[in-house]
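Only one structure is covered here, and it is reproduced in the block below.
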Amino acid sequence: MWKITQPEINIGVVGHVDHGKTTLVQALTGIWTARHSMELRRSMTIKLGYADGNIAYCEGLEEPEAYTTSSRCPDNTESKLLRRVSYVDSPGHETLMATMLSGAALMDGALLVIAANEPCPQPQTREHLMALKLIGIKNVVVIQNKIDVVSKERAVESYKEIKSFLSEMGYEKAPVIPVSALHGVNIDAILMAIQKTMPTPERNPNADPLMFVARSFEVNKVGTPARDLVGGVIGGSLIQGVIRIGDEIEIKPGVRIERADGKSEYIPLITRVTSIRFGNTEFNEAKPGGLVALGTELDPFLTKADKLVGNIVGRAGRTP
Numbered sequence: 020m021w022k023i024t025q026p027e028i029n030i031g032v033v034g035h036v037d038h039g040k041t042t043l044v045q046a047l048t049g050i051w052t053a054r055h056s057m058e059l060r061r062s063m064t065i066k067l068g069y070a071d072g073n074i075a076y077c078e079g080l081e082e083p084e085a086y087t088t089s090s091r092c093p094d095n096t097e098s099k100l101l102r103r104v105s106y107v108d109s110p111g112h113e114t115l116m117a118t119m120l121s122g123a124a125l126m127d128g129a130l131l132v133i134a135a136n137e138p139c140p141q142p143q144t145r146e147h148l149m150a151l152k153l154i155g156i157k158n159v160v161v162i163q164n165k166i167d168v169v170s171k172e173r174a175v176e177s178y179k180e181i182k183s184f185l186s187e188m189g190y191e192k193a194p195v196i197p198v199s200a201l202h203g204v205n206i207d208a209i210l211m212a213i214q215k216t217m218p219t220p221e222r223n224p225n226a227d228p229l230m231f232v233a234r235s236f237e238v239n240k241v242g243t244p245a246r247d248l249v250g251g252v253i254g255g256s257l258i259q260g261v262i263r264i265g266d267e268i269e270i271k272p273g274v275r276i277e278r279a280d281g282k283s284e285y286i287p288l289i290t291r292v293t294s295i296r297f298g299n300t301e302f303n304e305a306k307p308g309g310l311v312a313l314g315t316e317l318d319p320f321l322t323k324a325d326k327l328v329g330n331i332v333g334r335a336g337r338t339p
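Residue numbers (our numbering): 20 to 339.
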């Protein structure tokens, strides 16, 4: 078995509602990212979903079959772990574009999911690609999903629509991969495309830490005894520097309070890091890249329901 490492790159999964983004992330990671009850009821991602996955290589196979997410190859030899990736599953519904854009700030590259059984482009397909272009994300792999539910003729027609749309948007060089996310078809080709078109960005681990907050929440369940309660959790991506357990951190601009004169102001929060988690694995320190959850000593009331989304985190007294 491999030694589990921290993810080194963040890849956004974007596209129109119901085109199969969450299903694709599950095929790439084994994790269903729509975990919230309202999301499950409405079958759509409302909050940013996180999942970490592996890109590994089987040296005895031809490409793209050589690429896998598993530690074992088909011939039962051990695969070589190339790197771990954090996937950001972004909402596709028009009223949720602000959430998608907050996630876009974390992305080093993107998978644009387009369903073959609908004309291209759909409204959010265009909006999401435009958003990626505006924030300067050049490395995009296009996933032509749901090829299992269309005829060969429609698959070809859909491919032509996608290529025309990409050319119009300035992404004519983006690879287009036909996929059935539901059945796990061509996942190896996606892994190969990610590995070849999305290099890990250069980070500066020696700079003062800087993290963007994309999620904040409370993990205590109703009825937890007082002695077992833990502080609030903030999730996001460390852009530079290193954060360790025990570090004192500052969250800016912090929380908004109403003053006696009727005006409001923001008060920065200072707290200590109590835990560091990437996916289901705990670490003693967080380096740049990937999506990390920091346990803190904050009152969970301050972090629940994404109250701190949009803040930045740094070392106390040295946060921009």
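In this text, a Cβ means the ideal position worked out from N, Cα and C, and glycines have one as well. From a predicted model like this one, the values you see are computed outputs, not experimental measurements.
query, result
"Can you tell which of Glu137, Tyr285, Gly31 and Ile209 has its C-alpha closest to the C-alpha of Met126?", "Gly31"
"Check whether the region 143-151 touches the region 28-46, taking contact to mean three or more Cβ pairs, one atom from each stretch, closer than 8 Å.", "yes"
"What residues in its chain sit with their C-beta under 7 Å from that of Pro319, if we drop five residues either side in the sequence?", "Glu237, Asn239, Gly250 and Gly251"
"Roughly how many angstroms lie between the CA atoms of Met57 and Glu84, to the nearest whole one?", "At Met57 the pLDDT is 39, less than 50, meaning the model places this residue with poor confidence and gives no usable figure here."
"Where does Gln163 fall in DSSP's three states?", "strand"
"For the region 200-259, which segments carrying the alpha helix (DSSP H) assignment without a break, of at least 4 residues, lie completely within its bounds, in sequence order?", "206-216"
"Can you look up Thr48 in the DSSP assignment and give me helix, strand or coil?", "helix"
"In angstroms with no decimal places, state the Cα-to-Cα distance between Arg278 and Pro287.", "15 Å"
"Met116 by DSSP, collapsed to three states: which one?", "Interpretation of Met116 is limited by its pLDDT of 46, a score under 50 that renders its predicted location unreliable; no figure is taken from the coordinates."
"Rounding to the nearest angstrom, what Cα-Cα distance links Gly79 and Arg91 in this structure?", "12 Å"
"When the Cα atoms are used, what is the spatial distance from Glu269 to Lys171?", "55 Å"
"What residues match up with Gly128 in a beta bridge as DSSP calls it?", "Ile30"
"Any contact of the region 246-266 with the region 210-218, i.e. 3+ C-beta pairs under 8 Å?", "no"
"Under 8 Å by Cβ, that's how I've got Met230 and Leu257 pegged, so tell me the actual separation to the nearest angstrom.", "5 Å"
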